[in-house]
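These protein sequences, in sequence, are chains H and F.
Positions 666 to 1058 (the numbering used here) are the ones given, in order, by the first sequence.
Positions 666 to 1058 (the numbering used here) are the ones given, in order, by the second sequence.
What follows is a set of notes on a single structure, which appears directly below.
2 protein chains.
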Amino acid sequence: MSTPSIQRTIQSYIPDLIAFRHDLHKHPEVSNEEANTAQRVKDFLAPYQPSRVLEGLGGHGLAYCYEGKEPGPTIMLRCELDALPITEINTFAHRSTNDDVSHKCGHDGHMSILAGVARLLHEHPVEKGQVILLFQPAEETGEGARRVLQDEAFLNIKPDFAFALHNLPNYPEGHIIFRPGPMACASRGLRIKIHGKTSHAAWPEDGKNPALPMCRIIEGLTLLPAAPSLQHCYNNVSVVKARLGCEGFGTIPGEAEVAATLRSDSEEAILFLIDQSTLLIDQWLAIHGFEYQVTWSDIFALSENAPEACDILTNAAERAGLPTHIMEEPLRASEDFGVFTQQFPGALFGLGNGFQKPQLHNPDYDFPDQLIEKGITIFWSILQECLDVDPLE
Amino acid sequence: MSTPSIQRTIQSYIPDLIAFRHDLHKHPEVSNEEANTAQRVKDFLAPYQPSRVLEGLGGHGLAYCYEGKEPGPTIMLRCELDALPITEINTFAHRSTNDDVSHKCGHDGHMSILAGVARLLHEHPVEKGQVILLFQPAEETGEGARRVLQDEAFLNIKPDFAFALHNLPNYPEGHIIFRPGPMACASRGLRIKIHGKTSHAAWPEDGKNPALPMCRIIEGLTLLPAAPSLQHCYNNVSVVKARLGCEGFGTIPGEAEVAATLRSDSEEAILFLIDQSTLLIDQWLAIHGFEYQVTWSDIFALSENAPEACDILTNAAERAGLPTHIMEEPLRASEDFGVFTQQFPGALFGLGNGFQKPQLHNPDYDFPDQLIEKGITIFWSILQECLDVDPLE
């Protein structure tokens, strides 16, 4: 009796992995609060112990390190622990049990895929080099990758290549979608609080109404992408929030707040947008003589794919029989995996969900379970390309 | 034993009137909800019945009509029933028992003054003509005077002169403050709701962000008073509120709201400001292709004082020994008494509160009880000027 092929082995894991995915889906946690999610991962992987486990990486992150006996390349595969502050409207049995939080980005599916790879690595160990399976915290807020990289426990890990996949609605099911160079836009969250002074509306001269500088800043920010030097790439600044004063016609407002999202498919351009934003905020508020605070958050680096990692991906997809699709433009949405690919060669790639599926972040979204097998397959094929793991077939 | 002078009689009323004022202060009601306040007035005035009482005028308004036996002029004196949605911070015994509402404009004092005049008219009836004591509802929202005038029960009342006083902080105590012509600014409340479309912040082209038209409108409104044709008078447009989108950097906002207060000391100019506001809102939102709604509220007419009413006031003040002060500029704050003086000759005048007193609408404001006697005195002196009531001394 011959041993079953890797592909058949993967198929035999699927019922357990779907059950695991549904369990994760039922118990979602937002960024930086993924303690129970990390525990569920540890419980599921308990029978499939690696050489070592790093815990508490950049918060609740976990790294499962499967080391071969001989030296060789380090390959990192990454998934995400966190869910979103979105109320799920699905009614299926595995719907979120947390009213305000749900896995609307499919990170539950990404974790199941990496759990399958872990079991496979336990049962079919690498001979040389090592595989790092990273369960990263706080991807949605753009904090997790940076914190993992800054974590002392992670300092000695220097992947030769890093890969991550993301399920992508509105692409053919199981297709591998990517491009060399910019893969997902850089973005930033900008918040400005302007402090004026209230007064009775009959004596506006006794107050300091921040309405005009607020408008100048909104217009200035919105116009930034029109700068001639930015016309070679995609750039957008969208004001997502403005607040001035409160109810009642009798009071001159004393406070204003503006929030904006900056986005670009060029790291150079987003730095230019940030500089110009800071400059115009400083100038307008100096001209009008207002106190103010500026804070930056939701900092997502450009996700850039290394050409050599794309070559590995192309070969791996071909071997696995998964069609590839080279994107004409980067993904507009941001991914903090870009922080890793700034340090290590790597690639973020999409795994097509099929058509007429709910978009990511929509309240009726659910990760398609049929992608679990395809996800494990492409990751294993990548490992086969880089290391000497047992072949897929 | 001679009968006491009117002045002494007024003085004898004061303890009761202060108690009445404190009772009203303890039980304030906002505009259009003055049912219990009207009942308190009726209870207090029950012993001092006039020829007839009109009830439910324009809401909870009351008119006490004291008619002489012979024909003659009709003189209307007006006070207000309503309090403000302001939380009182005073701790004295007569502080408001309603956490969210208090008499921060002194309408409790104005009612006490008119209650004193009512008692005086009951005990010293007019021989000819009649006196209408109007307890008007909903002054603070600019609705009450208009509704009273439109009330069928009020249609037959055509005052030859109408007078109203308002206590005024930061003028010498008991001084009579007024000017012929514009006495208190006209004002309007403008509210604009703009309907765009939300989208994921990564695809702003799928949404319709109202940020830019919102800013154009705020700037356009703020600049309106710079129109050359308005430079002869006081004009101000203050944006008091703006709302765009909600929390989160991931969503393009779909809705915006702007509210502004328009103010002018010229009726012609405020109509120009209204026309121009409407025009610029229509134009900007047509250019940007947004659906929207515009609503006008808090409509205060210019309060204009008739020269002949000012002459009566001047003579009345002189007889009563109350110094007069002719203002250089109209009051910035609006008063809906202007609706009456558009129809009947009349005058709105200030009664000085003294210095270092809390401003109107401030949370620590309280009507100065020592003004009650002076208020009754000036009103009685006006009646003496117009009718044949018993002389003050």
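Heads up, the beta-carbon is just placed ideally off N, CA and C, and yes, glycines get one too.
Under the Cβ distance rule, cysteine 880 of chain F counts among the residues neighbouring chain H, one pair being separated by less than 8 angstroms. By the beta-carbon neighbour count (other beta carbons within 10 angstroms, threshold 16), glutamate 753 of chain F is buried.
Cβ atoms of alanine 810 of chain H and tyrosine 729 of chain H stay farther apart than 8 angstroms, at about 17 angstroms. Not flagged as an interface residue toward chain F: phenylalanine 800 of chain H, since no C-beta distance is shorter than 8 angstroms. Here tyrosine 731 of chain H is actually not in contact with valine 813 of chain H; their C-beta atoms are around 18 angstroms apart, not less than 8 angstroms. Secondary structure at arginine 760 of chain H: coil, using DSSP grouped into helix, strand and coil. Burial check for leucine 927 of chain F: the Cβ neighbour count within 10 Å reaches 16 or more, so the residue is buried.
Secondary structure at serine 777 of chain F: helix, using DSSP grouped into helix, strand and coil. For the C-beta of threonine 916 of chain H, the chain F residues within less than 7 angstroms are, from N- to C-terminus, Val905. Secondary structure at arginine 856 of chain F: strand, using DSSP grouped into helix, strand and coil. Classified as exposed, lysine 823 of chain H has fewer than 16 neighbouring CB atoms from the shown chains inside 10 Å of its CB. Listed along chain F are Val905, Lys906, each with a C-beta nearer than 9 angstroms to that of cysteine 911 of chain H. In the DSSP assignment, valine 718 of chain H falls outside any alpha helix (DSSP H) and within the unbroken beta strand (DSSP E) covering 717-722. At least one C-beta of chain F is nearer than 8 angstroms to the C-beta of leucine 877 of chain H. In this structure, the beta-carbon distance from proline 837 of chain F to proline 1023 of chain F does not fall below 8 angstroms. In the structure shown, lysine 769 of chain H adopts coil according to DSSP, grouped into three states. Under a criterion of Cβ atoms nearer than 9 angstroms, no residue of chain F is adjacent to asparagine 697 of chain H; the nearest Cβ is some 16 angstroms distant.
In the structure shown, the three-state DSSP call for threonine 806 of chain H is coil. Alanine 1012 of chain H places its beta carbon less than 8 angstroms from that of alanine 971 of chain H. Under the three-state reduction of DSSP, serine 894 of chain H is assigned to helix. Residues of the segment 854-877 of chain H with a C-beta less than 7 angstroms from any C-beta of chain F: Gly854, His865, Ala866, Ala867, Trp868, Pro869, Asn874, Ala876, Leu877, listed in chain order. For methionine 741 of chain F, the secondary structure class from DSSP, reduced to helix, strand or coil, is strand.
Check the Cα spacing between alanine 851 of chain F and each of F/Ile859, F/Ala876, F/Ala998, F/Ile778: the tightest is with F/Ala998. DSSP places asparagine 901 of chain H in the strand class (E or B) of the three-state scheme. Using a Cβ-Cβ distance cut-off of 8 angstroms, the segment 874-892 of chain F and the segment 971-981 of chain F are not in contact, since fewer than three pairs of beta carbons, one from each stretch, lie closer than that value.
By the Cβ rule, the segment 734-745 of chain H does not count as touching the segment 713-724 of chain H, because fewer than three pairs are nearer than 8 angstroms. In summary, the residues of the segment 1023-1043 of chain H whose CB is separated from some CB of chain F by less than 8 angstroms are Gln1024, His1026, in the order they occur in the chain. Leucine 909 of chain H and valine 923 of chain F have their C-alpha atoms spaced approximately 9 angstroms apart. With contacts defined by Cβ atoms closer than 8 angstroms, tyrosine 678 of chain F and glycine 781 of chain F form a contacting pair. Contact between glycine 861 of chain H and proline 875 of chain H is confirmed by a C-beta separation of about 4 angstroms, below the 8 angstroms threshold. Following the DSSP letters along the chain, one finds tryptophan 961 of chain F inside the beta strand (DSSP E) bounded by residues 956-965. Glycine 1003 of chain H is classed as buried because its beta carbon has at least 16 other beta carbons within 10 Å across all chains shown.
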